[in-house]
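One line per chain: the protein sequences are Y and S, in this order.
Count the first sequence with our numbering and you get residues 19 to 1273, in order.
Count the second sequence with our numbering and you get residues 64 to 222, in order.
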Amino acid sequence: MALKIVKGSIDRMFDKNLQDLVRGIRNHKEDEAKYISTCIDEIKQELKQDNIAVKANAVCKLTYLQMLGYDVSWAAFNIVEVMSSSKFTYKRIGYLAASQCFHESTDVIMLTTNQIRKDLSSPNQYDTGVALTGLSCFVTPDLARDLANDIMTLMSHTKPYIRKKAVLIMYKVFLKYPESLRPAFPRLKEKLEDPDPGVQSAAVNVICELARRNPKNYLSLAPLFFKLMTSSTNNWVLIKIIKLFGALTPLEPRLGKKLIEPLTNLIHSTSAMSLLYECVNTVIAVLISLSSGMPNHSASIQLCVQKLRILIEDSDQNLKYLGLLAMSKILKTHPKSVQSHKDLILQCLDDKDESIRLRALDLLYGMVSKKNLMEIVKKLMLHVDKAEGTTYRDELLTKIIDICSQSNYQYITNFEWYISILVELTRLEGTRHGHLIASQMLDVAIRVKAIRAFAVAQMATLLDNAHLLTGNMQRNGICEVLYAAAWICGEFSEHLENPIQTLEAMLRPKVATLPGHIQAVYVQNAAKLFATVLKGQEGNTDSTAAQETSQLMIDRLPLFVQSANLEVQERASCILQLVKYIQKLQQKDVEVAEEVSALFAGELNPVAPKAQKKVPVPEGLDLDAWINEPPSESESEDEQPKAIFAKEEPKHSRPRHTEVDEKELARRREARKQEQANNPFYIKASPSSQKVYQDTPGVEHIPVVQIDLSVPLKVPGMPMSDQYVKLEEERRQKERAEKKKKEKKKRKEKRSGRGKKQDSGPESEEDITPAHMVDIVTEEMPENALPSDDDDKDPNDPHKALDIDLDKPLADSEKLPVRSHRAAESLKSPAEDGDVESAAIHAPKKKNGKEKREKKKDKDSDRKKSKEEKKKKKHKHEEKEEDLLGGQAEEPAVQSEETNEVAAPPTSTSAEVSDLDFWLSNAPVPSNTQEAPTVAAAEAAPVPKVASGTAPNSEPDEPKDTEMEETKSSKHKKKKQKKEKEEKEKKKKKKHHHHHHHSDGGGEESVQNGTVEDEEPLPPMSNYCLLAENSYIKMVCDIQGNLQDGSQVVVSVIFENKCDSFLKSMEFNVLDSLNSKLQRPEGSGPHDGLTVPFQLPPGVSNEARFVFTVQSIVMPQKLKGTLTFIVKNEDSSTHEKLDFKLHFTCTSYLITTPCYSDAFAKLLESGDLKGSSVRLEGVNMPFHHLLARICFHHHFSVVERIDSCASMYSRSIQGHHVCLLVKTSGQTVSIDAKCDEPTLLGNVLDEIKQTFSQC
Amino acid sequence: MIKAILIFNNHGKPRLIRFYQYFAEDMQQQIIRETFHLVSKRDDNVCNFLEGGSLIGGSDYKLIYRHYATLYFVFCVDSSESELGILDLIQVFVETLDKCFENVCELDLIFHMDKVHYILQEVVMGGMVLETNMNEIVAQVEVQNRMEKSEVSDVKQGL
């Protein structure tokens, strides 16, 4: 064996390592491929050896070759071998190779599951780290499902290095296995407050990524993120959070209002450009989400635009780019504020940097108005001529079209000009956007009736000069415009001046070189033209002309009949036969023109692109239902169709009513007008854009003016658009002059002092009347089409699966699969059994408890029952405690407990929802502690409705779950449960009945009645307690440990001005003790006061924070302090002071730290903790209120709660663990506590006792 | 999210490629070529952002790059990343390389592609930014290198 190893190592010395390989490749520049293929052969040999070092070396080389583009998937199995090496060096090589070349369809991945699991739980954190990194690149749905639980455990790893990696990878797990999101989310959320900034940042990262795709599910996290935003100093985290807020604000405008201020502050204060930029971006998002018109927001907009202008003017091209990018966002909602920077943006259009030019182009889109459209497009056309490189030119082309066609051509006042712009654009060589120009031509020609004659004339010249376009046809997309030209000339051939010429142009032999679909259109429209020509010629006495035309067709069409394109061939032969027949008839002197043109009669109306989709399903129609009975019996088949037809008949005949009286008709017309006016899809013909969606008074008033062609149409290849610009200018001047005249007249008529009102300043938008009123034909939409736009979502988006409600409490069935889960599925594990049972009993029991309080009369019978159940529960509880002690051996049990725990108090989750409401509705600082609770109470009121709404939903689910999982073992149990349930339900009904009865009588009863249905809400709680108060000012404070620093306590003081005077120059000072010191800025003496950084106008309150350094935290502290301030009246100002005593309770050193039951059990097991206990008598409140109070006032978190017993955890700022076991029976509450610092524990318990003695 | 990180030299030779979304090898090479083509023709004094190429991503994606001497560092990212932030990140990454290799030059990247990967793994994981603090990154890389060294010496002692 030893010999083998030695031999392997010696072999290895002759192997190439990565460096040798690279050197070799560099030395074989001429025959690189050949050299590499010999290397690959060597590698194959090396992989066959047993020595893992040789294999790892080979795999490392393969990773390099993979970068050069060589497929190395054939070595996938060897890579797995190297991954499973026990040596970190090789493992790392293996995982790197895997992350570079494994993907979902790599089949060996399924072999890695156990190896990865082993590495994840390795004692060496770097093994775990390498496995996590690798997994993040090749995680598959299977791996995600199998490893989700392991990774979730790693999220609470002791090493932050692992925690942050585990948190990040969860995002990938969620994507591949969406079911894991809900069970894992609570822990992920905790990580937002992880003491390690790296972990925190990772958690922010993941949640931001999740929230970006499904923002509405994460709204409830807004307060938490808000807190992070105001407290974090890490720019990365800040940027992410601010970006996230940008995604959340559109959903909740109130959030936006709250954000504006801190964001503006950041904008003013930060020196980091990246942060500034993101702040501006989010402020913009906020402003977009808020309804505009609020006066104070125009300041914010101004601030943003002003900051962006600074960015754009910066010499750093990056800032310039981003400035333009953000500007384009403002543009959408506040075009006016951007338009004032038009000069700057037009300047950027000439920048040497293409990225910047493109961004400036984007902005132009919103800069245009009726007034300057022509001018801007002219400028762009110049750029088109100058532009080198087709991409930029194509971009310009699409932008020109975008700008002109936006919102139904609202800025175009002269469509002749637009058509000529389009025609000019066809002269671009090598553009990809021929089809875009073509569709614009078609659109305009079809929808703008008044322009058709002009369009047809232009298209005819295009067709005539087709050879100019088709010079190098195959390579060039511009020939697409011929498609449009041919169709327009054919369809609207009545407008052609010289149809025969055009017909001839369309049948030229050269046409056969065009792409098939264009030829097909040529052929079809040649037929239309032919019909028009015939019509014109038949009126004449001389029939030879008509016959000549037919002959022309017969001569030219055979060319197309031979076409390789089926479409062309089919149409051509069809039409050829038709024309031959017509010729025969003509020879017999039969008039055919009428019949021929009847072939193409009728007008085609444009149909809106989504029309088909938007047809609503008529009421009562179920598309999935069988129309007929499924064809089981043959006899029914014959009859049913008949019945269907018979039913339909009346429907058809209905619209044929003719005898409707005049009144009815008028009424209908009115209704229709109304409907059209309200229908957003009905494009009103009013060309004055702004009014389109507002108050169009109908369609009648629009005069369809005859166009008088003031521009000669003859010259084909010359830019005409410029002439239009001039003409338009003249026209507008004339109009203006006329208007002025009129105004003068008016003024003369009036002559009163009001003349100044009609000041004819610079021409405004509305003043410009279009050259010709244009009747834009509507796009047809089905009646009562649904105005929804949700069809834009991509059904394949992986994030769709992650659109999951996270606020809903977890159900029992939702847990991550654990290792034993699938293997032991058939066998029933006792733990699971117990879990099910407890779940089934849990809900009814809780209700039971509540009802007990409501109805004392039924108490006795109830008590019996609850006793029974309690027994059971006690039993179970013991079982569970065993589980806890058993630790990891019984992992599934612990896991299910966890989920159970999360599911248990529905009030907490609904409270969260209301929290958000409360947080959003409240002013940034609760102005008054007495007021705050009432608000909270008001806010809390609707909460129970939510809770009671969800309760019935979840209740019926539970028995189902139990039925599913409980297959064999406990049938008798089930029966019992059912019985119990039934009984309970009966009782419930009874009670309800009873209550109803009573509520008629007494007011008090009815109040109680209300509370029966609402699950008792948590009483409002506030941690702010009164610090000191006099007639001028009131101070309330909250003391919290600082989790970043083990020796700091943060005191938040709310100062409230109670008098009518202005309070200023407030100074906060505390007499330091040996143990606790107020942190003062550097350079100030130990007795100097701290200036409160604000002044208080009358009735206003504001919050300031002071940091104290403490050394020992095991004892409560009292500090004396003074607040001095100046009271300023209009005439006088006095110096006042207020003394106070700051009480640092031991509780204030505790920090709410979530703890999982497995960790909790370990902690208790460790034996380092010393115990103590306390009994509280006469506590008259529901157990969950009790827990909530301990959590809230004493910064604990519930680890686990089973019925009337709960374990709780907290940690001090110096890392002491405090564990509580709270039990209640009747009005006695006993608390067993353990902590590694007995003095601290004693004090905390005393404080808890005091809390409950007060209530 | 970061979709891909590419490092190539002034001639378009890849020095490190890291895709966070699967592409077959030939597609990867095509993307490198396209990206090189887009990036290389830009002056050094124009902005560092580039609307993504046609192959990678779509309108939501951007190329953010920096050009150092003979090397281009290109990150392809979507709109959830801050543009300036990514520029800073590239800077952090390069400075880290500089620290780990002591005056990094292209040759270091050529001969130690694996080490560069290991450093990158401490900065970006699965397309998400893992760590931005250079000292932390360097510390983690060094610990792992020490582990590797001790394992190598174990093997030698075993001989």
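Just so it is clear, CB atoms sit at the ideal spot from N, CA and C, and this is done for glycine as well.
Contact check for residue 220/Y and residue 265/Y: beta-carbon distance about 19 Å, past the 8 Å limit, so the pair fails to qualify. Pairing residue 212/S with residue 206/S, the inter-Cα distance amounts to about 10 Å. In this structure, the beta-carbon distance from residue 1171/Y to residue 1228/Y falls below 8 Å. Residues of the stretch 123–155 of chain S with a Cβ closer than 8 Å to any Cβ of chain Y, in chain order: 143, 145, 146, 147, 148, 150 and 151. Here residue 1168/Y is near residue 1236/Y, since their CB atoms are less than 8 Å apart.
Residue-level contact check: residue 111/S touches chain Y, since one or more beta carbons of chain Y fall below 8 Å from its beta carbon.
In the structure shown, residue 1210/Y falls within a helical segment according to DSSP collapsed to helix, strand and coil. The alpha-carbon separation between residue 1260/Y and residue 1267/Y amounts to approximately 11 Å. With the criterion set as a beta carbon lying under 9 Å from some beta carbon of chain Y, the members of the stretch 175–195 of chain S are 175, 176, 177, 180, 181, 184, 185, 188, 189, 190, 191, 192, 193, 194 and 195, in sequence order. Beta-bridge partners assigned by DSSP to residue 1058/Y: 1068/Y. Inclusion of residue 173/S and residue 40/Y in the CB contact set at 8 Å is warranted, their separation being smaller than that value.
At the C-beta level, residue 617/Y and residue 549/Y come within 8 Å of one another. When secondary structure is reduced to three states using DSSP, residue 209/Y falls in the helix class. Apart from sequence neighbours up to five positions away, the residues of its chain that approach residue 474/Y with a beta-carbon distance below 7 Å are 506, 507, 510, 513 and 514, ordered along the chain. For residue 230/Y, the nearest beta carbon of chain S is closer than 8 Å to its own beta carbon. DSSP places residue 1111/Y in the coil class of the three-state scheme, outside both helix and strand. Taking the beta carbon of residue 40/Y as reference, the chain S residues within 7 Å of it are 173 and 174, listed in sequence order.
Distances from the alpha-carbon of residue 180/S to those of 72/S, 106/S, 157/S and 199/S put 157/S closest. The alpha helix (DSSP H) runs of length 4 or more contained entirely in the stretch 141–177 of chain S are, from start to end of the chain, 146–164 and 169–174. Taking the Cα of residue 118/Y as reference, the smallest distance to any Cα among 1208/Y, 132/Y and 93/Y is reached at 93/Y.
Runs of the alpha helix (DSSP H) spanning 4 or more residues and lying entirely within the stretch 426–473 of chain Y occur at 433–443 and 452–465, in chain order. Against chain S, the beta carbon of residue 37/Y has neighbours under 7 Å at 174, listed in chain order. The secondary-structure analysis by DSSP pairs residue 75/Y with nothing; it has no beta-bridge partner.
Distance from the CA of residue 455/Y to the CA of residue 461/Y, rounded to the nearest whole angstrom, comes to 10 Å. Taking the C-beta atoms as reference points, residue 363/Y is found nearer than 8 Å to residue 378/Y. Residue pairing by DSSP places residue 1085/Y opposite 1109/Y and 1142/Y in a beta bridge. Taking a beta-carbon distance threshold of 8 Å, residue 65/S does not count as an interface residue toward chain Y. Taking 8 Å as the cut-off, the beta carbon of residue 1064/Y is found no closer than this to the beta carbon of residue 1166/Y.
For residue 179/Y, the neighbours in chain S by C-beta distance under 8 Å run, in chain order, 203. In chain S, no part has a C-beta under 9 Å from the C-beta of residue 160/Y; the shortest such distance is about 16 Å.
Listed in chain order, the non-local C-beta contacts of residue 1239/Y below 6 Å within the same chain comprise 1225 and 1250, local neighbours out to five positions each way being set aside. Excluding sequence positions up to five before and after residue 499/Y, its CB lies within less than 6 Å of the CB of 444, 452, 455 and 456, all in the same chain and listed in chain order. Between residue 83/S and residue 148/S, the CB-CB gap reaches or exceeds 8 Å.
Among the residues facing chain Y, residue 199/S is included, as its CB has a counterpart in that chain under 8 Å away.
Three or more beta-carbon pairs separated by less than 8 Å are not found between the stretch 138–154 of chain S and the stretch 142–154 of chain Y, which leaves the two stretches without contact. Contact between the stretch 86–101 of chain Y and the stretch 123–132 of chain Y is present: 3 or more CB-CB pairs across the two stretches fall below 8 Å.
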